[in-house]
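Residue numbers (this note's numbering): 1018 to 1214.
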């Protein structure tokens, strides 16, 4: 069974594209959602995050997202330390999940696939792209953030030009019907490639 990594910068529509693959019957693992669930569920992660950030990391048994977000926004070394706690757990959780699936390939959606070398664990990778102006507007509409806030996030992510060179497939997500067609074509190629090897 092949592992296909799906990624894209903020506002590219990678979640929409992941859903399209899921509707074609492809088992889909959303790494960000699973990370959030594990942060709340895993006693090991909880203990390590409290050691790193202090007792304010959790309010009772619930992860204190606002407090952590402010802490890591001001200190990149804290973000790196947090990722070193959470990412290995998500990676091992994904392997267990994958073993239960029955399909030619599985999709692993991750916002930071290339940034953290997750692409090395994939047989193929798909990058979802859209023009920067479109991406900014989508996030402004969706999250009620300012354009400057969204631009700051984009500036912190690996540029599309770099990711395009690393990706096996690129899906341009500007028109819903056109995106569906691209997803279907990529899906057919992936099924074929999975059966060949």
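Ideal Cβ placement from N, Cα and C applies to all residues, glycine included. It should be emphasised that the depicted structure is a prediction, and the values quoted were computed from it without experimental measurement.
Margin query: If distances are taken between C-alpha atoms only, which option among 1113, 1019, 1133 and 1112 comes closest to residue 1180?
Written below: Out of 1113, 1019, 1133 and 1112, 1133 has the C-alpha closest to the C-alpha of residue 1180.
Item checked: Residue of 1130, 1196 and 1158 minimising C-alpha distance to residue 1176 -> Ranking the options by Cα distance to residue 1176, first place goes to 1130.
Next item on the list: Assuming residue 1032 and residue 1038 form a contact by the criterion Cβ under 8 Å, report the distance between their Cβ atoms to the nearest whole angstrom.
Entry: By a beta-carbon distance limit of 8 Å, residue 1032 does not contact residue 1038. Their separation comes to about 11 Å.
Margin query: In the DSSP output, which residue or residues are listed as bridge partners for residue 1022?
Written below: Under DSSP, residue 1022 forms a beta bridge with 1125 and 1142.
Margin query: Starting from residue 1194, trace the alpha helix (DSSP H) in both directions and tell me its first and last residue.
Written below: Residues 1193-1213.
Note to self: Suppose you measure from the CA of residue 1025 to the CA of residue 1076; what does that come to, to the nearest Å?
What the structure shows: Going from the Cα of residue 1025 to the Cα of residue 1076 covers about 32 Å.
Next item on the list: Report buried or exposed for residue 1146, applying the criterion of at least 16 other Cβ atoms within 10 angstroms of its Cβ.
Entry: Buried, by the Cβ-count rule.
Notebook entry, point to check: Smallest Cα separation from residue 1058: which of 1029, 1068 and 1079?
Noted result: Nearest option by C-alpha distance: 1079.
Margin query: For residue 1167, report the span of its beta strand (DSSP E) as first-last.
Written below: Not the beta strand (DSSP E): residue 1167 falls in the alpha helix (DSSP H), residues 1164-1173.
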